[in-house]
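Undergrad: Dumping the structure here so I can ask a few things about it.
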Amino acid sequence: MKVKFYKYQGTGNDFVMIDNRDNQFDSGNLKLVQYICDRKFGIGADGLILLENHSSVDFDMIYFNADGTKSFCGNGSRCVVAFAKFLGIIDTKTTFNAIDGIHEAIIDGTQVELKMGDVNEVEIGEAHYFIHTGSPHYIEYSQDIQAIDIVPTAHKVRYNERFKAEGTNINYVQKNGNTLEMRTYERGVEGETLSCGTGATAVALSGKLKYNLDSPVAIKVQGGELQIKFNQVSENQFNDIWLIGETQQV
Numbered sequence: 003m004k005v006k007f008y009k010y011q012g013t014g015n016d017f018v019m020i021d022n023r024d025n026q027f028d029s030g031n032l033k034l035v036q037y038i039c040d041r042k043f044g045i046g047a048d049g050l051i052l053l054e055n056h057s058s059v060d061f062d063m064i065y066f067n068a069d070g071t072k073s074f075c076g077n078g079s080r081c082v083v084a085f086a087k088f089l090g091i092i093d094t095k096t097t098f099n100a101i102d103g104i105h106e107a108i109i110d111g112t113q114v115e116l117k118m119g120d121v122n123e124v125e126i127g128e129a130h131y132f133i134h135t136g137s138p139h140y141i142e143y144s145q146d147i148q149a150i151d152i153v154p155t156a157h158k159v160r161y162n163e164r165f166k167a168e169g170t171n172i173n174y175v176q177k178n179g180n181t182l183e184m185r186t187y188e189r190g191v192e193g194e195t196l197s198c199g200t201g202a203t204a205v206a207l208s209g210k211l212k213y214n215l216d217s218p219v220a221i222k223v224q225g226g227e228l229q230i231k232f233n234q235v236s237e238n239q240f241n242d243i244w245l246i247g248e249t250q251q252v
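Using my numbering, the letters of the sequence shown correspond one by one to residues 3 to 252.
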């Protein structure tokens, strides 16, 4: 069986994209998902995305991490919106379903603005923030994030007693003027990625709490730049959150 696929990237997060409206791809074949995402023996990607039919919105996004697990992905969502535009399913606005529920998005050329879910709780520790923005994110601030040996350092959090079962993403952040620079270790990839949309969102909200940064917050990831718009409802509650950045069919 031959399956037609496309490759997209959003600030360095790369995804294999498949139009699965005819259910040609077996979404239960996790070994195939892992094989396709393998950078040595497959196509290579941070994740695989199936665009499928949905009864009440424009489409359904099925997202797989490189290890075959399912989750929500912010940059993947922005890329699947661009893919839907390419396929002629949508024009400039869309509503679609993901694992965490319904999302809205706006596309203008290569830029996609994605509405994220509300955040109703923020954990503030002595040296960390923990915020769930569709995926869980543990955040630490540093004076020099480039000096961090990210995989072994992140493993101390990723595989501790609290997180080893379900996993968490870990973000290391430093402030540079009004911009927050970040590096991310992603669960499911189990390594560093060039970008993380849900992570950038969580980092922006932590930046509001830590530095009182105004919306929109500029985020510099390893693979480019993102912007996060939001409304702060109360000290630890946010709504009307938008993840904004470029996408590219590669």
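We treat Cβ as the ideally placed atom computed from N, Cα and C, and that holds for glycine. On a predicted model such as this, the values are computed, not experimentally measured, just so you know.
Which stretch, first to last residue, makes up the alpha helix (DSSP H) that contains residue 193?
TA: Unbroken run through residue 193 is the beta strand (DSSP E), 193 to 195; no alpha helix (DSSP H).
Undergrad: In angstroms with no decimal places, state the Cα-to-Cα distance between residue 133 and residue 80.
TA: Whole-angstrom Cα-Cα distance: 20 Å.
Undergrad: Enumerate in chain order the residues of its own chain whose CB-to-CB distance from residue 251 is below 8 Å, with the five nearest sequence positions on each side excluded.
TA: Counting only Cβ-Cβ distances below 8 Å, and skipping sequence neighbours, we find 8, 9, 10, 84, 85, 88.
Undergrad: Going by the beta-carbon positions, is the gap between residue 53 and residue 29 smaller than 8 Å?
TA: Contact flag unset, no.
Undergrad: Where residue 19 and residue 91 are concerned, what is the direct C-alpha to C-alpha distance, given to the nearest angstrom?
TA: Roughly 15 Å between the two C-alpha positions.
Undergrad: Quick check on the burial criterion: 16 or more other C-beta atoms within 10 angstroms. Buried or exposed for residue 12?
TA: Counting Cβ neighbours within 10 Å, residue 12 comes out buried, since at least 16 surround it.
Undergrad: I'd like the span of the alpha helix (DSSP H) that includes residue 33, first residue to last.
TA: 32 to 39 is the span of the alpha helix (DSSP H), which, as asked, contains residue 33.
Undergrad: Taking the alpha helix (DSSP H) that residue 207 falls in, what are its first and last residues?
TA: Its alpha helix (DSSP H) spans residues 199 to 213.
Undergrad: Just to confirm the assignment: which complete beta strand (DSSP E) runs, minimum length 3, are found wholly within the segment 75 to 146?
TA: Qualifying beta strand (DSSP E) stretches, in chain order: 95 to 100, 103 to 110, 113 to 117, 124 to 126, 131 to 134, 138 to 143.
Undergrad: Are the Cβ atoms of residue 26 and residue 70 separated by less than 8 Å?
TA: Contact flag unset, no.
Undergrad: Between the segment 55 to 71 and the segment 177 to 190, can you find at least three pairs of beta-carbon atoms closer than 8 Å?
TA: A contact exists between the segment 177 to 190 and the segment 55 to 71.
Undergrad: What did DSSP end up calling residue 220 once you bin it into helix, strand or coil?
TA: Strand at residue 220.
Undergrad: Among residues of its own chain, excluding the 5 on either side of residue 193, which ones have a beta-carbon nearer than 8 Å to its beta-carbon?
TA: Answer for residue 193: 153, 187, listed in chain order.
Undergrad: What does the alpha-carbon distance come out to for the pair residue 82 and residue 163?
TA: Straight-line Cα distance between these residues: approximately 35 Å.
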